[in-house]
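To start, the structure itself, in structure tokens.
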């Protein structure tokens with residue numbers, strides 16, 4: 001029974017002393033969710049987050065951010081920008097991973113709004129975990145296996161030119 005009381009008090013204290021998010025720009029005017037700001041993620045243990053007016057004019061912020069032990073689903077980039085995590089290198093984690101259950105310190109969004117051909121191995125690992133951690137050779141996306149390290153076609157053509165030159169030299173000398 002004492003453990004149950006402790007858990008209830010802990011949940012209440014975390015709700016009362018929850019730290020709000022930082023100011024972000026939502027769409028349109030106002031902070032209504034989901035009209036202008038995306039629906040905040042679901043947090044376990046239970047934490048209710050709502051969008052409110054931000055500190056800076058025209059911005060919005062979340063009423064609370066989850067603690068490090070909380071788990072959540074449905075995270076978006078704008079959520080992560082309001083309630084950023086911190087990577088082990090102390091880099092702000094301001095982008096939602098592809099599963100929407102973590103904020104990661106990628107160099108750009110993990111979503112479809114990413115600039116074409118900018119994926120790196122580090123970003124693929126941050127965004128996808130071990131399921132698709134390697135960047136494709138053209139950096140157009142991520143894949144589960146490391147790209148093959150076969151020589152490029154230009155290397156073959158350079159080799160052919162060198163071989164041809166050597167054969168011509170041998171023919172000339174003999």
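Residue numbers (this note's numbering): 1 to 174. Virtual Cβ for every residue (Gly too), placed ideally from N, Cα, C.
**OP:** Give me the Cα-Cα distance between residue 54 and residue 66, rounded to the nearest whole angstrom.
**Re:** Taking the chain shown and counting its residues from 1, one reaches residue 54 at position 54. Taking the chain shown and counting its residues from 1, one reaches residue 66 at position 66. Cα to Cα, residue 54 sits roughly 18 Å from residue 66.
Practice task
Under 6 Å Cβ to Cβ from residue 107, same chain only, skipping five residues before and after it: list those, please.
Solution key: Locating residue 107 in the chain shown gives position 107, where the first residue counts as 1. Excluding positions up to five away in sequence, the list reads 123.
- Task: If I'm right that residue 81 touches residue 24 with Cβ under 8 Å, what's the distance once you round it to whole angstroms?
- Result: Reading the chain shown from its first residue, position 81 is the one you call residue 81. Reading the chain shown from its first residue, position 24 is the one you call residue 24. That pair is a contact at about 5 Å.
Ends of the beta strand (DSSP E) at residue 62? As a working mapping, residue 62 is identified with position 62 in the chain shown. Residues 60 to 62.
How many angstroms separate the CA atom of residue 83 from the CA atom of residue 117? Here residue 83 refers to the residue found at position 83 when the chain shown is read from its first residue. Here residue 117 refers to the residue found at position 117 when the chain shown is read from its first residue. Cα to Cα, residue 83 sits roughly 28 Å from residue 117.
Have a look at the DSSP bridge pairing and note the partners of residue 135. Against the chain shown, residue 135 aligns to sequence position 135. Bridge partners of residue 135: 142.
Notebook entry, point to check: Apart from the five residues on each side of it in sequence, which residues of its chain come closer than 8 Å, Cβ to Cβ, to residue 140?
Noted result: One-based indexing of the chain shown puts residue 140 at position 140. Same-chain partners within the cutoff: 116, 117, 119.
Those residues which DSSP pairs with residue 92 across a bridge = Stepping through the chain shown from its first residue, residue 92 is reached at position 92. For residue 92, which the question treats as bridged, DSSP gives the partners 86.
Query raised in the report: With distances taken from CA atoms, which of 91, 57, 46 is nearest residue 71?
Result: As a first step, residue 71 must be located in the chain shown, where it is residue number 71. Comparing Cα positions, the closest option is 46.
Do you know how far the Cα of residue 69 is from the Cα of residue 132? Translated into positions along the chain shown, residue 132 becomes position 132. Translated into positions along the chain shown, residue 69 becomes position 69. So the two alpha carbons sit approximately 25 Å from each other.
Legend entry - CB contact below 8 Å: residue 101 versus chain C: Given the protein chain composition of this structure (a single chain), no chain C is represented.
*Give me the Cβ distance between residue 77 and residue 95, rounded to the nearest whole Å; I'm assuming they're in contact under 8 Å.*
Mapped onto the chain shown, residue 77 falls at position 77. Mapped onto the chain shown, residue 95 falls at position 95. That belief holds up - the Cβ atoms of residue 77 and residue 95 are roughly 5 Å apart, short of 8 Å.
*CA-CA distance, residue 52 and residue 32?*
The sequence position of residue 52 within the chain shown is 52, counting from 1. The sequence position of residue 32 within the chain shown is 32, counting from 1. Near 8 Å, if we compare the C-alpha coordinates of residue 32 and residue 52.
> residue 73 to residue 85, Cα distance in whole Å?
Replying inline: The residue you call residue 73 lines up with position 73 of the chain shown. The residue you call residue 85 lines up with position 85 of the chain shown. Taking the straight line from one Cα to the other gives about 15 Å.
Identify the residues that DSSP records as bridge partners of residue 24: which are they? Mapped onto the chain shown, residue 24 falls at position 24. Answer is 60.
Check: Smallest Cα separation from residue 58: which of 38, 26, 143?
Finding: As a first step, residue 58 must be located in the chain shown, where it is residue number 58. Nearest option by C-alpha distance: 26.
Discussion item. Looking at the strands, I want to know which residues DSSP matches up with residue 103.
Written reply: Numbered from 1 along the chain shown, position 103 holds the residue referred to as residue 103. DSSP lists 96 as partners of residue 103.
**Prompt:** Using the rule of at least 16 other Cβ atoms within 10 Å of the residue's Cβ for burial, across every protein chain shown, is residue 146 buried or exposed?
**Reply:** Residue 146 sits at position 146 when you count from the first residue of the chain shown. By the neighbour-count rule (16 or more Cβ atoms within 10 Å), residue 146 is not buried but exposed.
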